[in-house]
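Have a look at the structure below, then the notes.
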Amino acid sequence: MPDDVVQRISGNLARVEERIAQACGRVGRAREDVTLVAVSKMRTLEETKAACICGIRHLGENRVEELADKAPALAKVWAGVLPVWHMIGHVQSRKARYVVELCQMLHSLDTLSLANRLENQAAAHNVVLPVLIECNLAGDVGKYGFMTCDSGSWQGLSRALNGLIAFPHLLIRGLMTMAPIVSVPEEARPFFRRLRELRDYLRKTAPFSDWAELSMGMTDDFEVAIEEGATMIRIGRAIFN
Ligand SMILES: *Cc1c(COP(=O)(O)O)cnc(C)c1O
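Sequential numbering from 69 applies to the sequence shown in our numbering.
Right, here's the structure in full:
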C-alpha cells in the first residue's frame with residue numbers, strides 16, 4: 069500500500085471532519101448524529117482500502133456492478149473491521165438480489181416495483197434490509213426518486229408508502245435526496261429543508277416508521293445539509309480527490 073494514497077486520503081478526511089464539526093457546531097448538533105458515508109465509486113480497490121485504513125466505516129457505491137466487484141475484493145485485502153456498504157444509486161429491479169446480498173443499506177428505493185423485488189429477495193435470504201426512500205424534490209424528470217416536488221404529491225406518496233407495511237423484510241429508515249446542481253451551496257438549502265418537512269409529514273401520516281434518517285449532502289453542499297438535519301452525508305470527491 070503506497071503511503072501517499074493513505075496520506076492523501078487521511079489529509080482530506082481531516083479537513084472533511086473539521087468542516088463537519090463546524091457545521092454541527094453552528095446548529096448545536098452532535099458529531100455522532102451524522103454518519104459519514106465515503107463514496108468510493110470509480111475509486112480503485114487500493115484507494116478504498118486506504119479509506120478503511122484512515123478509519124472510514126461506511127462506504128457507498130452507486131452501481132450494483134461496482135459494488136459486486138469491490139465489496140468481496142475489499143474483504144480479501146482488508147483484514148480490519150469490514151465497512152458497512154451503502155447502495156446509493158438507482159437499482160434495476162432485476163438486480164435486487166445483489167443489493168440484498170452485498171449491502172447493508174439501500175438509500176435509493178425509488179419505485180414500488182423495486183420494493184416488491186427487494187422484499188422477495190430479502191425474504192428468500194432471510195434478512196431484513198434497511199432502506200431509505202429516494203425523493204425527487206425538484207421534479208427533475210431526468211432523475212430518479214418519488215416525485216415530491218409539490219405538497220399535492222405528498223398525500224399520494226404517503227398512501228403508497230403505507231403499502232410498504234406489507235413488506236416485512238424491508239425496514240424503512242428514512243428519506244434520501246440529491247439536491248440539484250447549484251452554483252453556491254446555499255441554493256441547495258431549500259431542498260434539504262423540504263426533505264425534512266416531508267419527513268415530518270410522513271411521521272404523522274405514515275407512522276409505521278420513525279423516519280429517523282435523512283441522507284442528504286455531498287461534497288459541494290454537505291455543510292448546508294447538516295445544518296438542515298442530515299443524519300447521513302455521502303461524500304466522494306472531498307475524501308478521495
Ligand atoms: C457520487 C455520489 C455522491 C458523492 O458525490 P461527491 O460530489 O463526489 O461528494 C453522493 N451521492 C450519490 C447518489 C452519488 O452518486
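Ideal placement from N, C-alpha and C gives every residue a C-beta, glycine not left out.
Quick one: residues in its chain with C-beta nearer than 6 Å to the C-beta of residue i, no 5 flanking neighbours on either side, listed in chain order?
{"i": "residue 283", "result": "175, 200, 244 and 300"}
{"i": "residue 98", "result": "none"}
{"i": "residue 181", "result": "161"}
{"i": "residue 139", "result": "153 and 170"}
Kindly give me the distance between the Cβ atoms of residue i and residue j, rounded to whole angstroms, as I take these residues to be in contact under 8 Å.
{"i": "residue 261", "j": "residue 296", "result": "5 Å"}
{"i": "residue 310", "j": "residue 131", "result": "No answer is possible for residue 310: the residues shown for the chain start at 69 and end at 309."}
{"i": "residue 302", "j": "residue 128", "result": "5 Å"}
{"i": "residue 186", "j": "residue 238", "result": "6 Å"}
Taking the DSSP output, what are the residues bridged to residue i?
{"i": "residue 154", "result": "128 and 173"}
{"i": "residue 62", "result": "Absent from the structure is residue 62, since the part of the chain shown begins at 69 and ends at 309."}
{"i": "residue 242", "result": "200 and 281"}
{"i": "residue 286", "result": "Answer by DSSP bridge pairing: none, since residue 286 is not bridged."}
{"i": "residue 301", "result": "104"}
{"i": "residue 214", "result": "203"}
Give every residue of the same chain whose Cβ lies closer than 8 Å to the Cβ of residue i, excluding the five residues on either side of it in the sequence, and list them in chain order.
{"i": "residue 80", "result": "306, 307, 308 and 309"}
{"i": "residue 141", "result": "113"}
{"i": "residue 163", "result": "132"}
{"i": "residue 101", "result": "92 and 299"}
Taking residue i as the reference, which of the options has the closest Cα?
{"i": "residue 257", "options": "136, 289 and 73", "result": "289"}
{"i": "residue 110", "options": "279, 137, 207 and 147", "result": "137"}
{"i": "residue 264", "options": "276, 251 and 247", "result": "247"}
{"i": "residue 235", "options": "91, 196, 88 and 89", "result": "196"}
{"i": "residue 72", "options": "149, 189, 86 and 119", "result": "119"}
{"i": "residue 146", "options": "116, 172, 165 and 159", "result": "116"}
Just to confirm my understanding: we take residue i, look at its own chain, exclude 5 residues before and 5 after, and list those with CB closer than 7 Å. What are they?
{"i": "residue 35", "result": "In the structure as shown, the chain begins at 69 and stops at 309. Residue 35 is therefore absent and cannot be evaluated."}
Segments of 4+ residues assigned as alpha helix (DSSP H) that fall wholly inside the stretch 105-147: 113-121 and 132-145
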